[in-house]
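Okay, structure first, notes after.
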Amino acid sequence: MTIAEIHGKLSPHEHMEDLLSSDVFSTFKYLDVNNGLIPFLKKATSFKDNELPDFLVDIVEADYVFWPRTTYLNREPDVLIILTKKDQSTIAILIEAKYHSGKSNTHREKDATDKENTPLEHLDGDQLAELFKELQDGKIYIGDPIIRDKFIQSSGNRYLFFVTVHYASPRHDIEETFKVLQKKQYFNQNHQKLFWVNWISIIGVIDEVNSRETWKNAPTMRYLLEDLKALLQRKGLVPFHGFTIPQRKISIPKFLFWEEVEKVDQTLFSGIDASKLIKAEQYFWMGE
Numbered sequence: 186m187t188i189a190e191i192h193g194k195l196s197p198h199e200h201m202e203d204l205l206s207s208d209v210f211s212t213f214k215y216l217d218v219n220n221g222l223i224p225f226l227k228k229a230t231s232f233k234d235n236e237l238p239d240f241l242v243d244i245v246e247a248d249y250v251f252w253p254r255t256t257y258l259n260r261e262p263d264v265l266i267i268l269t270k271k272d273q274s275t276i277a278i279l280i281e282a283k284y285h286s287g288k289s290n291t292h293r294e295k296d297a298t299d300k301e302n303t304p305l306e307h308l309d310g311d312q313l314a315e316l317f318k319e320l321q322d323g324k325i326y327i328g329d330p331i332i333r334d335k336f337i338q339s340s341g342n343r344y345l346f347f348v349t350v351h352y353a354s355p356r357h358d359i360e361e362t363f364k365v366l367q368k369k370q371y372f373n374q375n376h377q378k379l380f381w382v383n384w385i386s387i388i389g390v391i392d393e394v395n396s397r398e399t400w401k402n403a404p405t406m407r408y409l410l411e412d413l414k415a416l417l418q419r420k421g422l423v424p425f426h427g428f429t430i431p432q433r434k435i436s437i438p439k440f441l442f443w444e445e446v447e448k449v450d451q452t453l454f455s456g457i458d459a460s461k462l463i464k465a466e467q468y469f470w471m472g473e
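The sequence shown begins at 186 in our numbering and counts up by one.
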């Protein structure tokens, strides 16, 4: 699908965030975890204080669950990733990705109830706040029993990553989520477990990985990253490195404003001849 998209064969669907999430995270799935996913996640910053995620060390394996459903508030995040460390401890990363759309907030009635007709403990329909609650409460359906056990083991080490196209952290969305979490007294010390990262940073990750990795033992893995880079470039998800100063020399025309024209054998003044200007003269206002 990625190659078809690069060649414009999926044009009606290119704006879909589900397709972008699939392109990116399915590529990471087939790469060594430290040659794609982890370098990308390390580009993230904390919602609260812009700190980097220093817990992403000694990662040896990643398990992916695409579009899982939460079992209480019925949300559908993009990807749940379970990371396994060298010591066999686990970390859960829940990805909520956006492309052209904003947060998918939901209007919930104050007296809403769950399936058992008991009051629904929601977070005012804020998508990120509700996903964060479901993640911390372990309310995510996982069919694979091995991955489910790893998720259960990750209690206390669960993080929500918000992925967007913004160059800078989308403060409005983040502050809105903060207010809901604080209002519902669900924040505590967990504010350090919410992170933001942008799609644009992936191209830098690809360049970093390819610069240090020879791919001697897996030469075809380079193609996965090259295809992903081509796709991101097609979508315009590229870093901005500022403007460059043009090197071209600008020639001064003979006339600075208009050219002379001839009419009825007369030369009508219609401009200033640049070659006859005297730098010392003042042509508009006289100095005192």
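Cβ atoms here follow ideal geometry from the backbone N, Cα and C, with glycine treated the same way.
Span separating the alpha-carbon of residue i from that of residue j
i	j	result
L453	V350	With a pLDDT of only 49 at L453, under 50, the local geometry of the prediction cannot be trusted, and no value is derived from it.
A189	L195	7 Å
Q370	H307	12 Å
L265	A314	16 Å
P355	F317	17 Å
D263	Q273	25 Å
T269	L305	33 Å
L237	W381	10 Å
K271	G193	42 Å
K228	N302	43 Å
L258	E294	13 Å
S339	I359	24 Å
Y352	Y408	27 Å
T298	K324	17 Å
N219	T230	18 Å
L416	Q377	32 Å
L422	Q321	31 Å
T399	R343	33 Å
E199	D208	11 Å
Residue i: first and last residue of the uninterrupted alpha helix (DSSP H) it sits in
i	result
V218	No alpha helix (DSSP H) contains V218, which DSSP labels as neither H nor E.
K368	R356 to K368
Y408	M406 to R419
K318	Q312 to D322
E306	It is not in any alpha helix (DSSP H) - E306 carries neither H nor E in the DSSP assignment.
D248	Per DSSP, D248 belongs to no alpha helix (DSSP H); it is in the beta strand (DSSP E), I244 to F251.
D239	Counting along the chain, D239 falls outside any alpha helix (DSSP H), and DSSP gives it neither H nor E.
Reference residue i; option with closest CA among the options
i	options	result
H292	G310, A403 and D412	G310
N383	F232, N402 and N219	F232
F363	K414, D234, P304 and L410	D234
E393	I278, K295 and L222	L222
E319	D296, L366, P330 and I331	L366
F346	A297, I276, L409 and E411	I276
E281	E202, K420 and R407	E202
I327	K368, E398 and E261	E261
F425	I385, R419, T187 and Q377	I385
T212	L226, T187 and H200	T187
I278	L226, G421 and L422	L226
Residue range of the beta strand (DSSP E) that includes residue i
i	result
N383	L379 to N383
I267	V264 to K270
V423	Note, V423: premise wrong, no beta strand (DSSP E); not H, not E.
V348	R343 to T349
I280	T275 to A282
Buried versus exposed, by CB contacts within 10 Å (16 or more), residue i
i	result
S396	exposed
K414	buried
Q206	Note on residue identity: the sequence assigns Ser, not Gln, to residue 206. When all chains shown are included, S206 counts as buried.
D296	exposed
Y215	exposed
I331	exposed
Q418	exposed
P404	exposed
Three or more C-beta pairs under 8 Å: does that hold for the stretch 327-343 against the stretch 385-399?
no
Three-pair Cβ contact test at 8 Å for the stretch 242-251 versus the stretch 284-295
no
Between the stretch 228-242 and the stretch 250-263, do three or more beta carbon pairs fall short of 8 Å?
no
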